[in-house]
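Peer 1: Could you have a look at this structure, given as structure tokens, before my questions?
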Amino acid sequence: MILFFLAVVAMLELARALPLIPAFRALAACGQHAMRLLARRGVSDWGKERALRILSGRMFVRAMRAGGLLFATAAPVLVVLALDANWPEIAAFRSDWMARLALMPFTLGYAVLRWQVIPRVQRG
Numbered sequence: 035m036i037l038f039f040l041a042v043v044a045m046l047e048l049a050r051a052l053p054l055i056p057a058f059r060a061l062a063a064c065g066q067h068a069m070r071l072l073a074r075r076g077v078s079d080w081g082k083e084r085a086l087r088i089l090s091g092r093m094f095v096r097a098m099r100a101g102g103l104l105f106a107t108a109a110p111v112l113v114v115l116a117l118d119a120n121w122p123e124i125a126a127f128r129s130d131w132m133a134r135l136a137l138m139p140f141t142l143g144y145a146v147l148r149w150q151v152i153p154r155v156q157r158g
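Going by this note's numbering, the letters in the sequence shown line up with residues 35 to 158, in that order.
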């Protein structure tokens, strides 16, 4: 149970440290730009196709970046789940819903403390 708690804490800290939300915002902005481009009138089809090809490349790069950041954020929990084969305690914890339910207040409490209480106290 402690190992899962530490993995969730590491995941929360990575989510806080990595630019995860801005990466997904940039991806959404690129998609909105493509939709605006499609809705424009008076632009030739050739110009739209060329611009959409460029935008699709940008969207691909931004999607890969956002996905990589998401994978990096989830990596601590994935590592703990990968240890499942070697440690029977982890397999037992994964299938025991009461243990996971008992872990939830600790992880939610940590998240609230880290993201809400500490910044407000530091601001004064």
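All C-beta atoms in this analysis are idealised placements derived from N, C-alpha and C, irrespective of residue type, glycine included.
Would you call the CB atoms of residue 107 and residue 52 closer than 9 Å?
Peer 2: Cβ distance < 9 Å, so residue 107 and residue 52 count as in contact.
Peer 1: If you reduce the DSSP assignment to three classes, tell me which class residue 146 lands in.
Peer 2: Helix at residue 146.
Peer 1: Apply the 10 Å Cβ neighbour rule to residue 122 and answer buried if 16 or more other Cβ atoms are within range, or exposed otherwise.
Peer 2: Exposed is the call here.
Peer 1: Kindly give me the distance between the Cβ atoms of residue 38 and residue 137, rounded to whole angstroms, as I take these residues to be in contact under 8 Å.
Peer 2: About 6 Å separates the two Cβ atoms, so the contact holds.
Peer 1: Locate the alpha helix (DSSP H) running through residue 117, then write down its first and last residues.
Peer 2: Note, residue 117: premise wrong, no alpha helix (DSSP H); not H, not E.
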